[in-house]
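Written below as structure tokens is the structure these notes are about.
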Amino acid sequence: MRKEIRFAGFGGQGVVIAGKILSIAAMMEGKSVSHIPSYGAEMRGGTANCSVVVSDDDIASPIVVDLDICIALSLPAMLKFEPKIKKGGLLIYNSSLISDKPKRDDIETVAINANEISAKHGSTIGVNMAVLGLLVKKVPEIAKLDSLTKALDEAISERGKKHNPVNIAIMKDAYNLIP
Amino acid sequence: MKKKILMRGNEAVGEAALLAGCKAYFGYPITPQNEIPEYLSTRLPERGGVFLQAESEIGAINMVMGAAAAGVRTMTTTSSPGMTLKQESISYLAGNELPCVIVNMVRGGPGLGNISGAQSDYFQATRSGHGDFRSIVLAPENVQELADHTIKAFELSDKYRMIAIVLGDGYLAQMSEPLVLPDPVKSAPERSYALTGAKGREQRIIASLRLIPETSLDAHNHDLQKKYAEVKKNEVLFDTYKTDDADYVLVAYGLSARIAKQAVRNLRNSGIKAGLFRPITLWPFPSDQLEALSKKTKKMLAVEMSMGQMVEDVKLSVKGNVEVDFYGRTGGMLPEIDKIVERVKSYE
Numbered sequence: 015m016r017k018e019i020r021f022a023g024f025g026g027q028g029v030v031i032a033g034k035i036l037s038i039a040a041m042m043e044g045k046s047v048s049h050i051p052s053y054g055a056e057m058r059g060g061t062a063n064c065s066v067v068v069s070d071d072d073i074a075s076p077i078v079v080d081l082d083i084c085i086a087l088s089l090p091a092m093l094k095f096e097p098k099i100k101k102g103g104l105l106i107y108n109s110s111l112i113s114d115k116p117k118r119d120d121i122e123t124v125a126i127n128a129n130e131i132s133a134k135h136g137s138t139i140g141v142n143m144a145v146l147g148l149l150v151k152k153v154p155e156i157a158k159l160d161s162l163t164k165a166l167d168e169a170i171s172e173r174g175k176k177h178n179p180v181n182i183a184i185m186k187d188a189y190n191l192i193p
Numbered sequence: 004m005k006k007k008i009l010m011r012g013n014e015a016v017g018e019a020a021l022l023a024g025c026k027a028y029f030g031y032p033i034t035p036q037n038e039i040p041e042y043l044s045t046r047l048p049e050r051g052g053v054f055l056q057a058e059s060e061i062g063a064i065n066m067v068m069g070a071a072a073a074g075v076r077t078m079t080t081t082s083s084p085g086m087t088l089k090q091e092s093i094s095y096l097a098g099n100e101l102p103c104v105i106v107n108m109v110r111g112g113p114g115l116g117n118i119s120g121a122q123s124d125y126f127q128a129t130r131s132g133h134g135d136f137r138s139i140v141l142a143p144e145n146v147q148e149l150a151d152h153t154i155k156a157f158e159l160s161d162k163y164r165m166i167a168i169v170l171g172d173g174y175l176a177q178m179s180e181p182l183v184l185p186d187p188v189k190s191a192p193e194r195s196y197a198l199t200g201a202k203g204r205e206q207r208i209i210a211s212l213r214l215i216p217e218t219s220l221d222a223h224n225h226d227l228q229k230k231y232a233e234v235k236k237n238e239v240l241f242d243t244y245k246t247d248d249a250d251y252v253l254v255a256y257g258l259s260a261r262i263a264k265q266a267v268r269n270l271r272n273s274g275i276k277a278g279l280f281r282p283i284t285l286w287p288f289p290s291d292q293l294e295a296l297s298k299k300t301k302k303m304l305a306v307e308m309s310m311g312q313m314v315e316d317v318k319l320s321v322k323g324n325v326e327v328d329f330y331g332r333t334g335g336m337l338p339e340i341d342k343i344v345e346r347v348k349s350y351e
């Protein structure tokens, strides 16, 4: 198994940390991982994305070109990366902010109203947690929900740890969205 | 087994410097390596070391020279344009035979270029500064090696009283990968040259000005060359992947080597016998090993994130035994696996 994943959205949505949490979770399960954030003149509100490779074997090239999975949290992110998804790949998109429908009919698409799910638990910034929960339900070979919640402990700074119960609740809620 | 942690390349360098017993860090901010000084700015003082953000790149490298003269493990880190600014003092450090570690997270050039990863500072790393001198250059390919090579750089630097450069790139700097932290280095060597105050002992002088050719500079240069010959003999590092029966050998270092490795796998899957030769020390370059390989290879392809720099050392090494082709991309653009595969297939 080798999955090439891109998390994309705008600065402040937590796409880079989402990639890191997923990487740690997969690492905890003994898989090879590599996480590369986009960097440049990044700013809050600007575009942001990161790539994650998860593999059962060692990762030679960590560079992600064509995507097995894309998680798009904003419209510009979906417009940019939907064309880069491999045929038969998966697009998870944040229907809270994206009213357009994906154009491709040769990929699987799943909408999630991530902002509403986050808001239900009293958080305005749990969008990334929601998509993570849904992702591991859809593609359990990347990481299990249990690993994801454990990974939070390593990925989140001391200052932010108090939010972990809410983060976990958001993840689980999204996890249970689909059968 | 020690626990694996996910760490960003830059932070792995910072942590490894602590484990190596680095006591003094001097640097000036430049992307894409800023997480190294950020990491050390809190952790080095906690361990009784000195962290100082200098007024300039030039200030930083001269402070490194001072700390090295005082006999402590010291380091600076930078990215390409910053490395250019440090060149004068790099030559002075070499002339003074002072050990230090310099990490260059290479970005696109020339000039300010861009802040993406590149390998276009190969010439600068392996042929830097004025005068006849050499620096040891290590080229890690992943986050684990960034940490391991940083520690190795401190040790080699002390062993030979030379500059050791860790040549990374913007991608390695920013990527996070699992890492097993190396063991801390227990002891540093005796430093008979260190300027520690001459009370009760002979005066020591560290200088690179040697005005009289016959009695000082010429002899000094010959001594340096003897030392460099020792390094060449003892410290060459390289890695090979499926080269035993390879018709075609890719030659690449750092991140390019990982991309090339995937290309080798793809080529093997389509029945073409490809292999990979990865120089780990860029100086000393593994010339003898590459020459030996060239005698049983049909063609070589150097792959770099530059317009062609290491390829010159490859050509010098193989002594015309085999044709050496080149494929490279510039700052922020990466070699494409499919293009490598296509190129090698065209040799059939």
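The listed protein sequences correspond, in order, to chains X and F.
The numbering used here runs 14 ahead of the 1-based position in the first sequence.
The numbering used here runs 3 ahead of the 1-based position in the second sequence.
Cβ atoms here follow ideal geometry from the backbone N, Cα and C, with glycine treated the same way.
These figures come from a predicted structure and were not determined experimentally.
query = How many angstroms separate the CA atom of Lys348 (chain F) from the CA atom of Gly334 (chain F)?
reply = The residue labelled residue 348 (chain F) in the question sits at position 345 within the second sequence. The residue labelled residue 334 (chain F) in the question sits at position 331 within the second sequence. Going by the C-alpha atoms only, they are around 26 Å apart.
key: Same chain, Cβ closer than 7 Å to Tyr174 (chain F), five either side skipped, listed in chain order   = In the second sequence, residue 174 (chain F) corresponds to position 171, counting from 1. Hits under 7 Å: Gly120 and Leu258.
request  = Please classify Arg261 (chain F): is it buried, with 16 or more other beta-carbons within 10 angstroms of its beta-carbon, or exposed?
outcome  = Taking the second sequence and counting its residues from 1, the one referred to as residue 261 (chain F) is at position 258. Buried, because 16 or more other Cβ atoms sit within 10 Å of the Cβ of Arg261 (chain F).
ask   = Since Leu191 (chain X) contacts Ile126 (chain X) with CB under 8 Å, what's their CB separation in whole angstroms?
value = For the purposes of this step, residue 191 (chain X) is identified with residue 177 of the first sequence, where counting begins at 1. For the purposes of this step, residue 126 (chain X) is identified with residue 112 of the first sequence, where counting begins at 1. Rounded, the Cβ-Cβ distance is 7 Å, consistent with contact.
message = Given a cut-off of 8 Å on the beta-carbon distance, is the pair Leu182 (chain F) and Ala150 (chain F) in contact?
response = Mapped onto the second sequence, residue 182 (chain F) falls at position 179. Mapped onto the second sequence, residue 150 (chain F) falls at position 147. Against a cut-off of 8 Å, the Cβ pair of Ala150 (chain F) and Leu182 (chain F) comes out as a contact.
ask   = Whose CA, out of X:Leu104, X:Ile50, X:Ala62 and X:Met143, lies closest to the CA of Val78 (chain X)?
value = As a working note, residue 78 (chain X) is residue 64 in the first sequence. Closest option to Val78 (chain X), Cα to Cα, is X:Ile50.
inquiry  = If the cut-off is 8 Å on Cβ atoms, which residues from the segment 24-37 of chain X count as contacting chain F, listed in chain order?
reply    = Result list: Lys34 and Ser37.
Distance between Tyr244 (chain F) and Ser290 (chain F) (C-alpha atoms, nearest Å) = Here the question's residue 290 (chain F) lines up with position 287 in the second sequence. Here the question's residue 244 (chain F) lines up with position 241 in the second sequence. Looking at the two C-alpha atoms, the distance is approximately 17 Å.
Neighbour list for Ile50 (chain X) in chain F, Cβ cutoff strictly below 9 Å = Position 36 of the first sequence, counted from the first residue, corresponds to residue 50 (chain X). Neighbours of Ile50 (chain X) on chain F, chain order: Tyr174, Gln177, Met178 and Ser179.
Neighbour list for Pro76 (chain X) in chain F, Cβ cutoff strictly below 7 Å = Taking the first residue of the first sequence as 1, we reach residue 76 (chain X) at position 62. The contacting residues are Met178 and Arg261.
ask   = Using DSSP with H/G/I as helix, E/B as strand and the rest coil, what is Glu18 (chain F)?
value = Here residue 18 (chain F) is taken as the residue at index 15 of the second sequence, counted from 1. In the three-state reduction of the DSSP assignment, Glu18 (chain F) falls in the helix class, which pools H, G and I.
Straight-line gap, Glu58 (chain F) to Lys26 (chain F) (C-alpha atoms, nearest Å) = Numbered from its first residue, the second sequence carries residue 58 (chain F) at position 55. Numbered from its first residue, the second sequence carries residue 26 (chain F) at position 23. Cα atoms of Glu58 (chain F) and Lys26 (chain F): separation of roughly 20 Å, rounded to the nearest angstrom.
ask   = Can you name, in chain order, every residue of its own chain whose Cβ lies under 7 Å from the Cβ of Ala191 (chain F), other than the five neighbours on each side?
value = Here residue 191 (chain F) is taken as the residue at index 188 of the second sequence, counted from 1. Contacts found: Gly24, Arg76 and Asp161.
request  = State yes or no: is the C-beta of Lys101 (chain X) within less than 8 Å of the C-beta of Ile121 (chain X)?
outcome  = Within the first sequence, residue 101 (chain X) is the residue found at index 87, counting from 1. Within the first sequence, residue 121 (chain X) is the residue found at index 107, counting from 1. When the beta-carbon positions are compared, Lys101 (chain X) and Ile121 (chain X) come within less than 8 Å of each other.
ask   = For the candidate residues F:Leu22, F:Glu14 and F:Lys6, whose alpha-carbon lies nearest to that of Pro187 (chain F)?
value = The count along the second sequence starts at 1 and reaches residue 187 (chain F) at position 184. Comparing Cα positions, the closest option is F:Leu22.
message = So, at 6 Å on beta carbons, what are the nonlocal neighbours of His133 (chain F) in its own chain, with the 5 sequence-adjacent residues on each side left out?
response = Taking the second sequence and counting its residues from 1, the one referred to as residue 133 (chain F) is at position 130. Only residues of its own chain outside the window of five on either side were considered, and among them Ser94 have a CB closer than 6 Å to the CB of His133 (chain F), listed in chain order.
Inter-residue Cα distance where the pair is Gly25 (chain X) and Ser88 (chain X) = Position 11 of the first sequence holds residue 25 (chain X). Position 74 of the first sequence holds residue 88 (chain X). Linking Gly25 (chain X) to Ser88 (chain X) through their CA atoms gives a straight-line distance of about 10 Å.
ask   = Buried or exposed: where does Lys1 (chain F) fall if 16 or more other Cβ atoms within 10 Å of its Cβ makes it buried?
value = Not covered by the structure: residue 1 (chain F). The range shown for chain F is 4 to 351.
query = So, do the segment 151-160 of chain F and the segment 174-193 of chain X have three or more beta carbon pairs nearer to each other than 8 Å?
reply = No, the segment 151-160 of chain F is not in contact with the segment 174-193 of chain X.
inquiry  = Any beta carbon of chain X sitting closer than 8 Å to that of Leu149 (chain F)?
reply    = Residue numbering aside, residue 149 (chain F) sits at position 146 when the second sequence is read from its first letter. By the rule that beta-carbons nearer than 8 Å mark a contact, Leu149 (chain F) does not touch chain X.
ask   = When you compare only the Cα positions, how much space is there between Gly28 (chain X) and Ile139 (chain X)?
value = Indexing the first sequence from 1 puts residue 28 (chain X) at position 14. Indexing the first sequence from 1 puts residue 139 (chain X) at position 125. Those two C-alpha atoms are separated by around 8 Å.
Straight-line Cα distance separating Thr79 (chain F) from Glu155 (chain X) = Locating residue 155 (chain X) in the first sequence gives position 141, where the first residue counts as 1. Locating residue 79 (chain F) in the second sequence gives position 76, where the first residue counts as 1. Roughly 42 Å separates the two Cα atoms.
inquiry  = Run through the DSSP bridge pairs and tell me what Phe280 (chain F) is partnered with.
reply    = Taking the first residue of the second sequence as 1, we reach residue 280 (chain F) at position 277. DSSP, once it has assigned bridges, lists F:Thr243 and F:Val254 as partnering Phe280 (chain F).
ask   = Measuring CB to CB, does Ile39 (chain F) end up less than 8 Å from Asn65 (chain F)?
value = Here residue 39 (chain F) is taken as the residue at index 36 of the second sequence, counted from 1. Here residue 65 (chain F) is taken as the residue at index 62 of the second sequence, counted from 1. No, they are not a contact pair.
request  = On a CA-only basis, which of X:Ala157, X:Gly174 and X:Ala40 is nearest Ser137 (chain X)? Give me that one, please.
outcome  = Indexing the first sequence from 1 puts residue 137 (chain X) at position 123. Distance check between Ser137 (chain X) and each of X:Ala157, X:Gly174 and X:Ala40 places X:Gly174 closest, using alpha-carbon atoms only.
task = Taking 8 Å as the threshold, find out whether the segment 217-233 of chain F comes into contact with the segment 302-311 of chain F through three or more Cβ pairs.
result = Under the Cβ criterion (8 Å, minimum of three pairs), the segment 217-233 of chain F does not count as touching the segment 302-311 of chain F.
task = On the DSSP bridge assignment, give the partners of Gly23 (chain X) in chain order.
result = To locate residue 23 (chain X), count along the first sequence from 1; it is residue 9. When beta bridges are read from the DSSP output, Gly23 (chain X) appears opposite X:Ala62.
request  = For Met41 (chain X), decide whether its Cβ has a neighbour in chain F, counting only Cβ atoms nearer than 8 Å.
outcome  = Start at 1 with the first residue of the first sequence, and residue 41 (chain X) comes out as number 27. With a threshold of 8 Å between beta carbons, Met41 (chain X) makes contact with chain F.
Given Tyr256 (chain F) as reference, the closest of X:Ser75, X:Arg16, X:Thr163 and X:Leu93 once Cα atoms are compared = Reading the second sequence from its first residue, position 253 is the one you call residue 256 (chain F). When C-alpha distances from Tyr256 (chain F) are compared across X:Ser75, X:Arg16, X:Thr163 and X:Leu93, the shortest belongs to X:Ser75.
message = So, under 8 Å CB-CB, Thr87 (chain F) and Ile33 (chain F) are touching, yes? Tell me the CB distance rounded to an integer number of Å.
response = Counting from 1 along the second sequence, the entry for residue 87 (chain F) is found at position 84. Counting from 1 along the second sequence, the entry for residue 33 (chain F) is found at position 30. Not confirmed; about 11 Å, so no contact.
query = Among F:Phe136, F:Glu100, F:Asn37 and F:Phe54, which one has its Cα closest to the Cα of Met108 (chain F)?
reply = As a first step, residue 108 (chain F) is located in the second sequence; it is residue number 105 there, counting from the start. When only C-alpha atoms are compared, the closest one is F:Asn37.
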